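Here's the structure we're looking at; comments come further down.
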Amino acid sequence: KAGVTQTPRYLIKTRGQQVTLSCSPISGHRSVSWYQQTPGQGLQFLFEYFSETQRNKGNFPGRFSGRQFSNSRSEMNVSTLELGDSALYLCASSPVPGQSYEQYFGPGTRLTVT
Amino acid sequence: LAKTTQPISMDSYEGQEVNITCSHNNIATNDYITWYQQFPSQGPRFIIQGYKTKVTNEVASLFIPADRKSSTLSLPRVSLSDTAVYYCLVGDGGSQGNLIFGKGTKLSVKP
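Quick mapping for you: the protein sequence lines, in order, are chains H and P.
The first sequence maps to residues -10 to 103 in our numbering.
The second sequence maps to residues 8 to 118 in our numbering.
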């Protein structure tokens, strides 16, 4: 099976712009989660989607949003970019949500905000 | 809210057993405790998860005491390829369903 794919792999944006990142989960996986990874804060949970509905969310401002489509593919959007949004954004998929956190991660999208 | 604490780094030699402990309080009552491995320029990779007591798979063991306030990842007979950062992941038990990663333990295995 193909793994989790994320596009684009690298992105450079200017402060104030918005950005959309895409994630295709492993075939058959219906839950998609997003994480932000920075050297200072480490790995931080953004949100999880299942059946096109946000199921869980972390402590990020409303500038960070996401959605999931009927084919389980997911997008996350960051509006009004700030320099501090520069990070590696990771997508992870799992078969179904639940108390298990066994997830399969993609390679990430490296976002640089200038 | 849950908080996690892991050692920042650990050193070991090939063939030794390595134990990495994550302290976590106020975690979600019914959720698993999960551990991941991450190599540079890659996404984290699932290693093992457990709810209570001991779990073992082909690559690691996980020990969780009854109070679930900590968990210990045990890597038997490490090799150079086990040099990586190891993270624990827990649910914070709050209404939002937030997940908390530890800050990570950088394991360096020497020949």
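Quick reminder that beta carbons are idealized off the backbone N, C-alpha and C, glycines included.
Fair warning: this is a prediction, and the values are worked out from it, not measured in the lab.
Through-space distance from residue j to residue i, alpha-carbon basis
i      : j       : result
P/P83  : H/T69   : 47 Å
H/F58  : H/E41   : 6 Å
P/N37  : P/S48   : 32 Å
H/F39  : H/V67   : 20 Å
P/P72  : H/G51   : 38 Å
H/N45  : H/F36   : 6 Å
P/P118 : H/A(-9) : 34 Å
Candidates the options, of which the one nearest residue i by Cα
i      : options                            : result
P/Y121 : P/L8, P/N33 and P/L69              : This structure cannot settle anything about residue 121 of chain P, because the visible part of chain P is limited to 8 through 118.
H/V102 : H/L79, H/D74, H/P84 and H/P86      : H/D74
P/N26  : P/N32, P/N33 and P/D18             : P/D18
H/L72  : H/R4, H/Y(-1), H/G(-8) and H/T(-6) : H/R4
P/Y20  : P/L87, P/A35 and P/T112            : P/L87
H/F29  : P/G111, P/F53 and P/I40            : Contrary to the premise, residue 29 of chain H reads as Gly rather than Phe in this sequence. H/G29 has its Cα closest to that of P/G111, out of P/G111, P/F53 and P/I40.
H/M65  : H/G95, H/T9, H/G97 and H/R19       : H/T9
Beta carbon of residue i nearer than 8 Å to that of residue j
i     : j     : result
H/Y93 : H/W23 : no
P/L80 : P/W42 : yes
Partner residues on chain P for residue i, Cβ-Cβ distance less than 9 Å
i     : result
H/S89 : D38, Y39, T41 and Q56
Contact list for residue i against chain H, beta-carbon separation under 8 Å
i     : result
P/N33 : What P/N33 touches in chain H: nothing, since even the nearest Cβ is about 15 Å away.
Where residue i meets chain P, residues with beta-carbon distance less than 8 Å
i     : result
H/N66 : Those within 8 Å of H/N66 in chain P number zero; the least Cβ separation is about 19 Å.
H/F58 : The premise fails here: H/F58 is roughly 21 Å from chain P at the closest Cβ pair, so nothing lies under 8 Å.
Under 9 Å from the C-beta of residue i: neighbouring residues of chain H
i      : result
P/K76  : Going along chain H, no residue has its Cβ under 9 Å from P/K76, so there is no contact; the nearest lies around 18 Å.
P/G100 : Here the premise fails: no neighbours, minimum Cβ distance about 11 Å.
Interface partners of residue i on chain H, CB under 7 Å
i      : result
P/G111 : G31
Partner residues on chain P for residue i, Cβ-Cβ distance less than 7 Å
i     : result
H/P96 : Q49 and G50
Query - alpha helix (DSSP H) segments (min. 4 residues) lying fully within the region 56 to 117 of chain P - result: none
Notebook entry, point to check: In the region 13 to 48 of chain P, which residue ranges form an unbroken beta strand (DSSP E) of at least 3 residues, counting only runs that do not cross its ends?
Noted result: 16 to 20, 25 to 32 and 40 to 45
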